[in-house]
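Okay, so here's the structure we're looking at.
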Amino acid sequence: MPRKSKRDDILRTAYAIVASDPGGIEAVTYDRLATETDLSKSGLLYHFPSRHALLVGLHEYTAAVWEDKVRAHAGGKDADALTPRERYRAMLVTMSEHEPLAELMVTLHSRTHPDFSRPWLEVEDRWLPRSDDTATDPNLLAASVLWVHDHIYARPLAEGNRAVVVEKLLELIE
């Protein structure tokens, strides 16, 4: 059985704090992590010598978890083993799922520093068409709205409506 990584445990705990505390990312502190992981602050500092390094790790962890979801919708294949349409289909299906608010919070936080956005851009570059390229099919970009809908609007998208939207988008990219 592989040895559990303390670094991964710390990052899982940091994500759980973002998910459970109204303070979100600001609630992720060395004190809180030390309490919840039963590690000393020096043990935390060994893995993450600064808050910035900890937040970079949180973004890397969350982006990797998100990419694992996309890969699962691609039959377990990596992006480079798929055609562009297969990649976009896997991403569309992933984006159509109701994602945890914590994932959106971490994603939004990535815009605050280039080091935080790097892991997200790496995942996007592997799986998505460029949204900043006017030659990109707008039908492929529409899926991103599904990903945030339930966190932006007061009324969540009814599952039946979500299924219809996903079906129509899949038809458009096929």
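-6 is the number of the first residue of the sequence shown in my numbering; add one for each residue after it. Ideal Cβ placement from N, Cα and C applies to all residues, glycine included.
Handout entry: Environment of Met(-6) [buried if 16+ CB atoms lie within 10 Å]
Key = Working through the sequence shown from its first residue, we reach residue -6 at position 1. For Met(-6), the predicted structure reports a pLDDT of 48, less than 50, and the residue's modelled location is therefore unreliable. The matter cannot be settled from this model.
Practice task
Specify, as a first and last residue, the run of the alpha helix (DSSP H) that Lys(-1) falls within.
Solution key: By one-based count along the sequence shown, residue -1 stands at place 6. It spans Lys(-1) to Ser13 - the alpha helix (DSSP H) in which Lys(-1) sits, taken as one unbroken run.
Exercise for the section: Taking only the alpha-carbon atoms, compute the straight-line gap between Ala9 and His52 and give it to the nearest angstrom. Expected result: Along the sequence shown, read from residue 1 onward, the residue named residue 9 stands at position 16. Along the sequence shown, read from residue 1 onward, the residue named residue 52 stands at position 59. Rounded to the nearest angstrom, the two C-alpha atoms are 13 Å apart.
Exercise for the section: Note down the Cα distance separating Thr28 from Leu139, rounded to an integer number of angstroms. Expected result: Taking the first residue of the sequence shown as position 1, residue 28 is located at position 35. Taking the first residue of the sequence shown as position 1, residue 139 is located at position 146. So the alpha carbons of these two residues sit roughly 36 Å apart.
Exercise for the section: Kindly list the residues whose CB is nearer than 7 Å to the CB of Ala72, restricted to its own chain and excluding five residues on each side of it in sequence; keep chain order. Expected result: Working through the sequence shown from its first residue, we reach residue 72 at position 79. Excluding the 5 residues flanking it on each side, Ala72 has same chain C-beta neighbours closer than 7 Å at Arg80, Arg119 and Trp120, in chain order.
Handout entry: Buried versus exposed call for Val157 [16 or more other C-beta atoms within 10 Å across all chains shown]
Key = Within the sequence shown, the letter at position 164 stands for residue 157. Exposed, since its Cβ has fewer than 16 Cβ neighbours within 10 Å.
Practice task
Look at the alpha carbon of Pro93 and the alpha carbon of Ser35, and state the distance between them as a whole number of angstroms.
Solution key: By one-based count along the sequence shown, residue 93 stands at place 100. By one-based count along the sequence shown, residue 35 stands at place 42. Their backbone Cα atoms lie some 31 Å apart in a straight line.
Practice task
May I ask you to verify whether the segment 35 to 44 touches the segment 99 to 110, counting CB pairs closer than 8 Å and requiring at least 3?
Solution key: No, the segment 35 to 44 does not touch the segment 99 to 110.
Handout entry: Euclidean distance between Cα positions of Ala12 and His106
Key = Taking the first residue of the sequence shown as 1, we reach residue 12 at position 19. Taking the first residue of the sequence shown as 1, we reach residue 106 at position 113. Distance between the alpha carbons of Ala12 and His106: 21 Å.
Problem - Spatial neighbours of Ala136 in its chain, beta-carbon cut-off 7 Å, leaving aside the 5 residues before and after - result: In the sequence shown, counting from the first residue as 1, residue 136 sits at position 143. If we look at Ala136 and ignore the five residues flanking it on each side, its Cβ neighbours are Met84, Leu85, Met88, Ser89 and Leu162.
Problem - Where the alpha helix (DSSP H) containing Lys34 begins and where it ends - result: Counting from 1 along the sequence shown, the entry for residue 34 is found at position 41. Per DSSP, the unbroken alpha helix (DSSP H) holding Lys34 starts and ends at Lys34 to His40.
Handout entry: Proximity test, Cβ basis, 8 Å: Glu160 and chain D
Key = Judged by its chain identifiers, the structure shown contains no chain D, having just a single protein chain.
Exercise for the section: Specify the secondary structure class of Gly69 as computed by DSSP and reduced to three states. Expected result: Position 76 of the sequence shown holds residue 69. Correct three-state label for Gly69: coil.
Problem - Straight-line gap, His66 to Glu115 (C-alpha atoms, nearest Å) - result: Here residue 66 refers to the residue found at position 73 of the sequence shown. Here residue 115 refers to the residue found at position 122 of the sequence shown. Straight-line spacing of the CA atoms in His66 and Glu115 works out to 18 Å.
Problem - Ala7 classed as buried or exposed, judged by whether at least 16 other C-beta atoms fall within 10 angstroms - result: Taking the first residue of the sequence shown as position 1, residue 7 is located at position 14. Its Cβ being crowded by 16 or more others within 10 Å, Ala7 is buried.
Problem - Simplified DSSP assignment, three categories, for Glu79 - result: Locating residue 79 in the sequence shown gives position 86, counting from the first residue. Helix.
Handout entry: C-beta contact flag for His144 and Leu75 at 8 Å
Key = Working through the sequence shown from its first residue, we reach residue 144 at position 151. Working through the sequence shown from its first residue, we reach residue 75 at position 82. Against a cut-off of 8 Å, the Cβ pair of Leu75 and His144 comes out as no contact.
Practice task
Express the C-alpha separation of Val141 and Arg173 in angstroms, rounding to a whole number.
Solution key: Because the chain is modelled from -6 through 167, residue 173 falls outside the range shown and cannot be assessed.
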